[in-house]
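Peer 1: The structure is given below, and queries will be raised subsequently.
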Amino acid sequence: MSQPPADLLAEPLVATDLACQRGGRLLFEGLNFRVSPGEALHLIGPNGTGKSSLLRLLAGLLAPAAGSIAGGGPRGFLGHDVALKPRMTLEAELTHWARLDEGLARLPGAMAAMNVAGLAAVPCRHLSSGQRRRAGLARVIASGAPLWLLDEPTAGLDTASSALLAAAMAAHREGGGMIIAAVHGDIGLDAPKVLALG
Amino acid sequence: MFLVLIRRDLALLARSPALWMPVMFFVLVAALFPFAVGPDARLLARIAPGIIWVAALLAALLPVETLVAPDMEDGTLDQLASRGIAMELVVAARIIAHWLGFTLPLLAALPIAAILVGMESAAGWNIALALLFGTPALAALAVVAAALTAGLRGGGALAGLIILPLALPILIFGVGSAAPGALKLLAAASLVTLAVSPFAAAAALRQD
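For the record, the sequence lines run as chains A and B. 65 is the number of the first residue of the first sequence in the working numbering; add one for each residue after it. 2 is the number of the first residue of the second sequence in the working numbering; add one for each residue after it.
As structure tokens, then:
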């Protein structure tokens, strides 16, 4: 499996005394953790305890109510919404994002890694939710970002696709990449750190 | 990167089934007026610039619900923001794409609309020039209103209420563009709107 080497110069991600407030409700506070190159972090906890919000904080989509986030380098983010336009073909979509990431050379490998190369010519409105999910993961892989932020990456994936994801994540960590994933159960990460919310 | 964003917006626009809607709307509104005010050619010729401008304003407003809201709902804005791309840039690209997407067809349809309201060719050229100067501001206002109302139910109607008062200066200088100096004032009003809009729209899109 061709896997882009992650940016070896990536610094560890350090979160200090992080707090998050949504809709007037304090989701969490005083959160401290550190993820070094090659490490993975599982975010676990019941629904509504702020796993997705923490990922959004780390992706720079939300501002923390208190505390700070440092290092980590560029982010590859996969949220619940996969951002694929219904009328465009999958290839056109992924090419657009790869162009923004200056990762056109990495794209064919990334599409092969998540087994979506055969869907390249299909308009996104005809893709199943599992296929969209795989496309979103291929976009993360092609981004070349050292820090992957994945929100329930195996949701909707079949066993074979989950295995592909596990292999891609292992290769990413081997190359010095970091992974933070909000999960319910095992997603095939080897010896992850665990952060329990709620 | 800015060019990649514009190219993308234009590619999406070209595939949109609604591409020709604003222009059809423009021509239809212009066609309605002669029926509404009666076949008095002199009266029509006098109010023709006003008709054309109101029609253009409504045409710019028509796609307002599809300008920003879909990108917010499907996670596109999240993907852009997580790459550290400034929202101002995203919005500026959107304004340029929206302007190209509705002004070029609008200018192409202008001769038809001009004939429908009985406009002479000299006045027609004048209004074409005025539209060229004024429509960037209309596009910018439409994108700002779209950003402000994205995620709200019935946002389109609210967007109209936001745009129409703000478009007044453009409308006034545009309709009076035959008067000496009016074109310059129109261009100035348009430039100010264009300069401020990306920041206003980006502020609206930033989550708290």
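Ideal Cβ positions, reconstructed from N, Cα and C, are used throughout, including at glycine. A quick note: this is a predicted structure, and the numbers were derived from the prediction, not measured.
1) When we look at the beta-carbon of histidine 144 of chain A and count the other beta-carbons within 10 Å, is it buried (16 or more) or exposed?
2) When you compare the CB of aspartate 81 of chain A with every CB in chain B, is at least one pair closer than 9 Å?
3) Please confirm whether proline 217 of chain A has its beta-carbon closer than 9 Å to some beta-carbon of chain B.
4) Shorter than 9 Å from the beta carbon of proline 76 of chain A to some beta carbon of chain B?
5) With 9 Å set as the bound, which would you pick, yes or no: does the beta-carbon of histidine 190 of chain A sit closer than that to a beta-carbon of chain B?
6) Should isoleucine 96 of chain B and proline 199 of chain B be called a contact, given that it needs their Cβ atoms to be closer than 9 Å?
7) My understanding is that alanine 146 of chain B touches valine 65 of chain B, with C-beta atoms under 8 Å, so please give their C-beta distance in whole angstroms.
8) Using the beta-carbon of each residue, which ones in chain A are nearer than 7 Å to threonine 77 of chain B?
9) Report the neighbours of phenylalanine 141 of chain A on chain B: residues whose CB is nearer than 8 Å to its CB, in chain order.
10) Helix, strand or coil for glutamate 74 of chain B per DSSP?
11) State the start and end residues of the unbroken beta strand (DSSP E) segment that holds glutamate 216 of chain A.
12) Assuming serine 16 of chain B contacts arginine 151 of chain A (C-beta within less than 8 Å), just tell me the rounded distance between them.
13) Quick one: does valine 69 of chain B have its CB under 9 Å from some CB of chain E?
14) Note down, in chain order, every chain A residue with its Cβ under 8 Å from the Cβ of methionine 2 of chain B.
15) Should glutamate 74 of chain B be flagged as near chain A, meaning a C-beta pair shorter than 9 Å?
16) Contact defined as beta carbons within less than 8 Å: I believe leucine 105 of chain A pairs with serine 117 of chain A. What is the distance between those atoms, to the nearest angstrom?
17) Beta-carbon of alanine 12 of chain B versus every beta-carbon of chain A: anything under 9 Å?
18) Taking Cβ positions only, does proline 68 of chain A come closer than 9 Å to chain B?
19) For valine 92 of chain B, would you say it is in contact with chain A, using Cβ-to-Cβ distances shorter than 9 Å as the test?
20) Tryptophan 212 of chain A and histidine 236 of chain A - do their beta-carbons sit closer together than 9 Å?
21) Considering only the beta carbon of each residue, do glutamate 50 of chain B and alanine 131 of chain B sit closer than 9 Å?
22) In its own chain, which residues sit with a C-beta less than 6 Å from the C-beta of leucine 91 of chain A, not counting the 5 before and 5 after it?
23) Could you work out which residue in A:Ile251, A:Ser225, A:Pro210, A:Ala255 is closest to glycine 137 of chain A when comparing CA atoms only?
24) Please decide whether serine 193 of chain A counts as near chain B, where near means a Cβ-Cβ distance under 9 Å.
25) Are the C-beta of leucine 213 of chain A and some C-beta of chain B separated by less than 9 Å?
26) Considering only their Cβ atoms, is the gap separating valine 28 of chain B from valine 55 of chain B smaller than 9 Å?
27) Work out the CA separation of alanine 255 of chain A and glycine 102 of chain A for me, nearest whole Å.
28) In terms of residue numbering, what span does the beta strand (DSSP E) encompassing threonine 136 of chain B cover?
29) Residues in the same chain with beta-carbon distance under 6 Å from glutamate 155 of chain A, minus the five sequence neighbours each way, listed in chain order, please.
30) Could you compute how far the alpha carbon of proline 71 of chain B sits from the alpha carbon of glycine 175 of chain B?
31) Please say whether alanine 202 of chain A and leucine 191 of chain A have beta carbons closer to each other than 9 Å?
32) If you draw a straight line from the C-alpha of isoleucine 128 of chain B to the C-alpha of leucine 81 of chain B, how long is it?
33) Rounded to whole angstroms, what's the CA-CA distance from glycine 135 of chain B to isoleucine 244 of chain A? Just pull it up for me.
34) State buried or exposed for isoleucine 171 of chain B, treating a residue as buried only when at least 16 other CB atoms are found within 10 Å of its CB.
Peer 2: Once the coordinates are examined:
1) exposed
2) No - not a single Cβ of chain B is within 9 Å of the one on aspartate 81 of chain A.
3) So no, proline 217 of chain A is outside the interface.
4) no
5) no
6) yes
7) Taking 8 Å as the upper bound for CB-CB distance, alanine 146 of chain B and valine 65 of chain B are in contact here, some 6 Å apart.
8) Against chain A, the beta carbon of threonine 77 of chain B has neighbours under 7 Å at Ala147, listed in chain order.
9) Asp79, Gln80, Ser83
10) helix
11) Looking at the DSSP string, glutamate 216 of chain A is not in any beta strand (DSSP E), and its letter there is neither H nor E.
12) Contrary to the premise, residue 16 of chain B reads as arginine rather than serine in this sequence. About 5 Å; that satisfies the 8 Å criterion.
13) The chain labelled as chain E is not found among the protein chains of the depicted structure, namely A and B.
14) Leu164
15) yes
16) The pair is not a contact, with the Cβ atoms about 15 Å apart (cut-off 8 Å).
17) yes
18) Reliability of the predicted coordinates at proline 68 of chain A is poor, the pLDDT of 49 falling under 50, and no value is obtained from them.
19) no
20) yes
21) It is worth fixing the name first, because residue 50 of chain B is proline in this sequence and not glutamate. It is a contact, given that the beta carbons lie within the stated cut-off.
22) Cys84, Gly114, Ser117
23) A:Pro210
24) So, not an interface residue.
25) Answer yes: the Cβ-Cβ gap between leucine 213 of chain A and chain B drops below 9 Å somewhere.
26) no
27) 11 Å
28) Per DSSP, threonine 136 of chain B belongs to no beta strand (DSSP E); it is in the alpha helix (DSSP H), 122-150.
29) Ala184
30) 31 Å
31) Cβ atoms of leucine 191 of chain A and alanine 202 of chain A: not closer than 9 Å.
32) 38 Å
33) 48 Å
34) buried
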